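Engineer: Below is a structure I'd like to ask you about.
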């Protein structure tokens, strides 16, 4: 029982991160029908931006911008007590990384995807692979190929639960932030004018254009939103497991993509559900079967779902028109 | 009959040229480094041309080619290590023994990869476009995970001790065979069915093409050839590692056929050679070479999305020109009278 509970906690925490990345895949697929292979690498860039920002900000950064560290850093929000690591720093680091990656997403869209949009979807897919390779290899040149260790942004503590399982404070933070981001996304997509335009574009790009929607701007906005979420996921992952390297985005990106397909690609709640399912299944396999097969699980689920319900759990079947 | 004779002569000439080149290379007149790149190009050609059959001609987007390659490579390597060596030795251990053992290994690798293609293809070819791409990608990854865990073939440490018996002749024989098979296939009724599926699956079905059957057949043949490519690789370095069959390898093969131009055999060959030689050529840029490589890929897609040889099939182009010439020489074929004249001429 305690194993089950423990793996469930780990799974939900991991799944929340997959969900955040899956959202980017699903939104871009929604508007462009493009599998954005570079998305996993944007997540990697997010983690590295977090790394550099965290090393630069801390309490030192607070002093640099002329603030008293005592006042800037909320003391010991979650058990900590030390000055430098705090939740506020973590949040600032995450938000800045999100902003940087949003800009990166817009740049990628503008200079790589927009020029090929008029060609076949295959061309766009290959371009996405090219961008992915560029980010991975550029990352190895810029950040160095060897793994880096993310600084502790706030003091982690294990909290014992009933039934012998324990939960790390980092996991709680990850969950809360991921949940908050998803709620924010829901609000943006379903409660704002831009969100309505996004939905219109994903429904039918041509008609949306005819209705006077600036589709280029909406597509760019979608990339910004998705990349920001990926960056948040990158920082959150680094908080949980501090080891980061330029190739960390490949496998996680693929799994998040599987999560998006599982939930029904193009469907936002589907991506969240898919991410959670993949995360939980993966940790269950680690807990009960063998950790060596954990990377096969996501793909096995993928193949099964595609065979029996290609539109995904929450997706709708589109009628093919002749 | 003369056609058969002509083909036989061509075959003999090709074999002789390959064998002659092989002898030259054995004599070590050229740096082994260049010969190595040449041989790797040959393996790439096999892989690219076979992938083009399913991606370029049938229009089904598969990105798990490295998975089938891995299946072929590992199954043949297992055969060679456990049976091939003793078989070759019992036949005298000389060239003859190895030809027999290697032929068997190649056939086994191709068949096992073909069966894997059948298993993957039957359920997944019902899916279209992106979904098929995702399934093949997932399959490729699963293969790698399993290879990492099967201790009989070395697991994550890699499979070593495979007899290194690969020669220029053998690699290019398989490459040429692949080209000939794919070329003949796409220029037959079978190939026209495949192309009709690529152009419009619904229309093809309406015209009586059993699309699922043709797609699965193309997929199985393509997988078997990829398996043969894997066999070549396994006996080339004598060492296999699951890492080298991850999806990045599938992308590499895909990029070869995109670079050369989808649906063009000459393009695939060109793309395969270019992409094998290019990373070697960029070696002097060391760490920047992959950055340059990926930038080139993006720029190519933006400026020339149809690939270097694009939609213009070189063979087809020649044929059309030839036909146009003959037609203009024989006058217009529209009036019945001239058609009669032509038919008597042909007799």
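Chains as they are written, first to last, in the numbering used here: chain A, 1 to 322; chain B, 323 to 669. The C-beta atom is built at its ideal place from N, Cα and C for all residues, glycine as well. From a predicted model like this one, the values you see are computed outputs, not experimental measurements.
What residues are listed by DSSP as bridge partners for residue 586 of chain B?
Structural biologist: DSSP output for residue 586 of chain B lists no bridge partner at all.
Engineer: Checking 8 Å against the spacing of the C-beta atoms, do residue 253 of chain A and residue 314 of chain A come in under that value?
Structural biologist: Taking 8 Å as the Cβ cut-off, residue 253 of chain A and residue 314 of chain A do not qualify as a contacting pair.
Engineer: So, at 7 Å on beta carbons, what are the nonlocal neighbours of residue 659 of chain B in its own chain, with the 5 sequence-adjacent residues on each side left out?
Structural biologist: The predicted position of residue 659 of chain B is uncertain, since its pLDDT is 36 and thus under 50; no value can be drawn from it.
Engineer: Using the Cα positions of residue 326 of chain A and residue 359 of chain B, report the straight-line distance between them to the nearest angstrom.
Structural biologist: Here chain A has residues from 1 to 322 only, and residue 326 of chain A is not among them.
Engineer: Determine which residues share a DSSP beta bridge with residue 160 of chain A and list them.
Structural biologist: Beta-bridge pairing links residue 160 of chain A to A:166.
Engineer: To which residues does DSSP link residue 562 of chain B through a beta bridge?
Structural biologist: DSSP, once it has assigned bridges, lists B:481 as partnering residue 562 of chain B.
Engineer: When the Cα atoms are used, what is the spatial distance from residue 112 of chain A to residue 227 of chain A?
Structural biologist: Each residue's Cα considered, the two are about 15 Å apart.
Engineer: Going by DSSP, what residues sit across from residue 309 of chain A in a beta bridge?
Structural biologist: For residue 309 of chain A, which the question treats as bridged, DSSP gives no partner whatsoever.
Engineer: Under 8 Å between C-beta atoms, does residue 307 of chain A make it to chain B?
Structural biologist: Output row for residue 307 of chain A: interface = yes.
Engineer: State yes or no: is the C-beta of residue 583 of chain B within less than 8 Å of the C-beta of residue 516 of chain B?
Structural biologist: No, the Cβ-Cβ distance between residue 583 of chain B and residue 516 of chain B is not below 8 Å.
Engineer: Would DSSP call residue 244 of chain A helix, strand or coil?
Structural biologist: Residue 244 of chain A falls in the strand class under three-state DSSP.
Engineer: Hey, out of B:570, B:450 and B:471, whose CA is closest to residue 523 of chain B's CA?
Structural biologist: With distances taken between Cα atoms, residue 523 of chain B lies closest to B:450.
Engineer: Please look up how many angstroms separate the CB atoms of residue 116 of chain A and residue 124 of chain A, rounded, as I've assumed it's under 8 Å.
Structural biologist: With 8 Å as the limit, residue 116 of chain A and residue 124 of chain A qualify as a contact, their Cβ atoms being about 5 Å apart.
Engineer: Could you tell me the boundaries of the alpha helix (DSSP H) in which residue 257 of chain A lies?
Structural biologist: It spans 249-263 - the alpha helix (DSSP H) in which residue 257 of chain A sits, taken as one unbroken run.
Engineer: According to DSSP, is residue 450 of chain B part of a helix, a strand, or is it coil?
Structural biologist: Correct three-state label for residue 450 of chain B: coil.
Engineer: Do residue 275 of chain A and residue 334 of chain A count as a contact pair if the criterion is CB distance below 8 Å?
Structural biologist: Summary: the structure shown does not reach residue 334 of chain A, with chain A confined to residues 1 through 322, and so no result is reported for it.
Engineer: Against residue 453 of chain B, what residues of chain A qualify as contacts under a CB-to-CB distance less than 7 Å, listed in chain order?
Structural biologist: 306 and 310, listed in chain order.
Engineer: Along the alpha helix (DSSP H) that carries residue 333 of chain A, what are the first and last residues, could you check?
Structural biologist: As shown, chain A starts at 1 and ends at 322. That puts residue 333 of chain A outside it, with no answer to give.
Engineer: With distances taken Cα to Cα, identify the nearest neighbour of residue 340 of chain B among B:499, B:429 and B:565.
Structural biologist: Minimum Cα distance to residue 340 of chain B is reached at B:499.
Engineer: Flag this pair as yes or no: are the beta carbons of residue 267 of chain A and residue 195 of chain A separated by less than 8 Å?
Structural biologist: No, Cβ-Cβ distance for residue 267 of chain A and residue 195 of chain A is not below 8 Å.
Engineer: Determine, using beta carbons only, whether residue 467 of chain B comes closer than 8 Å to chain A.
Structural biologist: Interface residue, yes.
Engineer: Out of A:129, A:238, A:182 and A:211, which has the shortest C-alpha to C-alpha gap to residue 43 of chain A?
Structural biologist: Of A:129, A:238, A:182 and A:211, the residue nearest in Cα terms is A:238.
Engineer: Going straight from the alpha carbon of residue 662 of chain B to that of residue 525 of chain B, what length do you get?
Structural biologist: Residue confidence for residue 662 of chain B is low, a pLDDT of 36 falling below 50, so the modelled location carries little weight and cannot support an answer.
Engineer: What residues of chain A sit near residue 481 of chain B, judged by a beta carbon separation below 7 Å?
Structural biologist: Simply none; closest approach about 17 Å.
Engineer: I need the DSSP call for residue 150 of chain A, collapsed to helix, strand or coil.
Structural biologist: If DSSP states are grouped into helix, strand and coil, residue 150 of chain A belongs with coil.
Engineer: Note down, one range per segment and in chain order, each alpha helix (DSSP H) of at least 4 residues found wholly within the region 344-411 of chain B.
Structural biologist: The region 344-411 of chain B contains these whole alpha helix (DSSP H) runs: 354-374 and 387-401.
Engineer: On a Cα-Cα basis, can you pick out the residue from B:456, B:388 and B:588 that is closest to residue 259 of chain A?
Structural biologist: Ranking the options by Cα distance to residue 259 of chain A, first place goes to B:456.
Engineer: Measuring CB to CB, does residue 606 of chain B end up less than 8 Å from residue 137 of chain A?
Structural biologist: No, Cβ-Cβ distance for residue 606 of chain B and residue 137 of chain A is not below 8 Å.
Engineer: Counting along the chain, where does the alpha helix (DSSP H) carrying residue 506 of chain B start and finish?
Structural biologist: From DSSP, the alpha helix (DSSP H) with residue 506 of chain B extends over 490-508.
Engineer: Out of A:131, A:308 and A:295, which has the shortest C-alpha to C-alpha gap to residue 460 of chain B?
Structural biologist: Checking every option, the nearest Cα to that of residue 460 of chain B belongs to A:295.
Engineer: Rounded to a whole number of angstroms, what is the C-alpha to C-alpha distance between residue 363 of chain B and residue 554 of chain B?
Structural biologist: Computed Cα separation, rounded: 11 Å.
Engineer: What's the call for residue 329 of chain B, buried or exposed, on a 16-neighbour Cβ count within 10 Å?
Structural biologist: Classification of residue 329 of chain B: exposed, given that the 10 Å Cβ count is below 16.
Engineer: Using a beta-carbon distance below 8 Å, is residue 464 of chain B in contact with chain A?
Structural biologist: Yes, contact with chain A.
Engineer: Under 8 Å between the Cβ atoms of residue 49 of chain A and residue 107 of chain A?
Structural biologist: Result no, Cβ atoms of residue 49 of chain A and residue 107 of chain A do not sit closer than 8 Å.
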